[in-house]
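*Asks:* Quick note: this note's numbering has the sequence shown finishing at residue 567, numbered continuously throughout.
Each residue gets a CB set at the ideal place from its N, CA and C atoms; glycine is no exception.
These figures come from a predicted structure and were not determined experimentally.
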Amino acid sequence: MPFTTRTTTSVPRRAKAARLALVPVLGLALAGLTACNDDKKADASAGSSASSDAGNSGGLWGGPSKSPDAGKADTAKPGTGGKSPAAGANAKQPSTDDLTAALLNAQEIPAGYTPGDPDQSRDTEAKDSEVSDPRCKTLVYDSLDATSVGHIVQTYVKAPADGGQPREAVAIALDSQSNASLRQYVESYAAALKACPSFTETQKDGTVEKYTVTTVQTGKYGADSVSFRLQDDAKDGRKYMYFVVAVKGTVSVQVAAVSADGPPAEPTQFAKGQIDKVGQAAGA
């Protein structure tokens, strides 16, 4: 999910490194992460209203779906070596409205953070860069949001104690697909992380970014989850990130903590809170 605009004095407005997660975030998405509240979207209020309606119509996942693919049977080939599906594996694949209603609200996040506007945009950027190790391409090119039934990203910005420019944020991306597809994605993503402790990406204009991956852990946030730290060295400065990618039924939860000043704290409250809220909504 890509951080295309960055500065050395504030959190990036669109999180390019989120593409390496989700949230390619899992593609944190983590794609199209917005770290400041002043980048308003014209349909933000309409989306919020629609989400409320979906949440009040027969349960969160029971709301009307705008996608013709929502609710289709889980026909993707599982990538888990014949393991039995997780709870809710063949449940409905939530719409974007459903997922928006499931995002953590201001009362459910740590003190000092402010939620921005939900962002429904998807990663359509052409992948024309070169990666130093072919095994690492999954971390740069693969993205869930392009093929998901529902997709939403929200960024929570931490206000600096001195009142200056924000330099820390947490982004959450939610995507819905078949359980088998999501589990296969996490499995291949975890394998790529372990094979790529460091690699470079060269853009078409010759710009080179160096990524360093550390602290890769699987299973910490559920059976189908992976978490890791990422350091991004680019010409405009160094960025530090902590990513969590987890599957809950037919929803992927991607959480990315980003800091311009040093390694961010593990976003435990965000990750556990969002995974639990998605699970409760889905009955998983």
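Is it right to say Ala389 is buried, meaning 16 or more other beta carbons lie within 10 angstroms of its own, or is it exposed?
*Replies:* exposed
*Asks:* Restricting to Cα atoms, I'd like to know which of Gln376, Ala385, Ala540 is closest to Ala564.
*Replies:* Ala385
*Asks:* When the distance is taken between beta carbons, is Tyr504 closer than 8 Å to Ile435?
*Replies:* no
*Asks:* Just to confirm my understanding: we take Ala247, look at its own chain, exclude 5 residues before and 5 after, and list those with CB closer than 6 Å. What are they?
*Replies:* Any answer about residue 247 is impossible in this case: the structure gives the chain only from 284 up to 567.
*Asks:* So, does the stretch 456–463 touch the stretch 483–502, judging by three or more C-beta pairs under 8 Å?
*Replies:* no
*Asks:* Counting only runs that start and end within the stretch 476–550, where is the beta strand (DSSP E) found for 3 or more residues in a row?
*Replies:* 481–485, 491–501, 508–517, 520–531, 534–542
*Asks:* Under the criterion of a Cβ to heavy atom distance below 7 Å, does Ala374 qualify as lining the ligand SAH?
*Replies:* The ligand content of the structure shown is nil, which means the ligand SAH is not present either.
*Asks:* Pick helix, strand or coil for Asp400, following the three-state DSSP scheme.
*Replies:* coil
*Asks:* Rounding to the nearest angstrom, what Cα-Cα distance links Arg512 and Val527 in this structure?
*Replies:* 9 Å
*Asks:* Among all the DSSP beta bridges, which residues are the ones paired with Asp458?
*Replies:* His434, Ser535
*Asks:* Does the structure place the stretch 539–548 close enough to the stretch 518–525 that three or more beta carbon pairs sit under 8 Å?
*Replies:* yes
*Asks:* State yes or no: is the C-beta of Tyr439 within less than 8 Å of the C-beta of Tyr396?
*Replies:* Contact flag set, yes.
*Asks:* For Ser510, which option in Ala374, Val538, Gly532 has the closest C-alpha, if you only look at C-alpha atoms?
*Replies:* Val538
*Asks:* So, are the CB atoms of Leu465 and Ser535 less than 8 Å apart?
*Replies:* yes
*Asks:* Just curious, the alpha helix (DSSP H) that Ala384 is in, first and last residue?
*Replies:* That run of the alpha helix (DSSP H) goes 379–384.
*Asks:* Please state if the CB of Gln460 and the CB of Thr533 are separated by a distance shorter than 8 Å.
*Replies:* yes
*Asks:* Measuring CA to CA, which of Leu382, Tyr472, Ser412, Thr379 is closest to Lys487?
*Replies:* When each option's Cα is compared against that of Lys487, the closest is Ser412.
*Asks:* Quick check: the Cα distance between Ala554 and Gly489, rounded to an integer number of angstroms?
*Replies:* Ala554 and Gly489: Cα-Cα distance of roughly 36 Å.
*Asks:* Closest to Ser426 by CA distance: which of Asp406, Cys419, Ala452 is it?
*Replies:* Asp406
*Asks:* Closest to Asp416 by CA distance: which of Gly562, Ala429, Leu387, Cys479 is it?
*Replies:* Cys479
*Asks:* Roughly how many angstroms separate the alpha carbons of Lys495 and Lys375, rounded to a whole number?
*Replies:* The displayed chain sequence assigns Thr, not Lys, to residue 495. When rounded, the distance between both Cα atoms is 37 Å.
*Asks:* Based on Cα-Cα distance, which residue from Glu549, Ala463, Pro401 lies nearest to Val530?
*Replies:* Ala463
*Asks:* Determine the closest residue to Gly502 out of Val469, Ile392, Ala475, Asp515, with distance taken between C-alpha atoms.
*Replies:* Nearest option by C-alpha distance: Val469.
*Asks:* Considering just the uninterrupted stretch of the alpha helix (DSSP H) at Lys420, what are its terminal residues?
*Replies:* 420–424
*Asks:* Spell out the partners DSSP gives Lys375 in its beta bridges.
*Replies:* Lys375 pairs with nothing; no bridge assigned.
*Asks:* Kindly list the residues whose CB is nearer than 8 Å to the CB of Thr551, restricted to its own chain and excluding five residues on each side of it in sequence; keep chain order.
*Replies:* none
*Asks:* To the nearest angstrom, how far is it from the Cα of Asp380 to the Cα of Gly433?
*Replies:* Rounded to the nearest whole angstrom, the CA to CA distance from Asp380 to Gly433 is 8 Å.
*Asks:* Taking the DSSP output, what are the residues bridged to Val561?
*Replies:* Val561 is not bridged to any residue.
*Asks:* I'd like to confirm the pairing. Which residues does DSSP put opposite Ser439 in its beta bridges?
*Replies:* Residue identity check: residue 439 is Tyr in the sequence provided, not Ser. Looking at the DSSP assignment, Tyr439 forms a beta bridge with Pro398, Val453.
*Asks:* How many Å lie between Val499 and Glu451 at the Cα?
*Replies:* Approximately 22 Å, taken between the alpha carbons.
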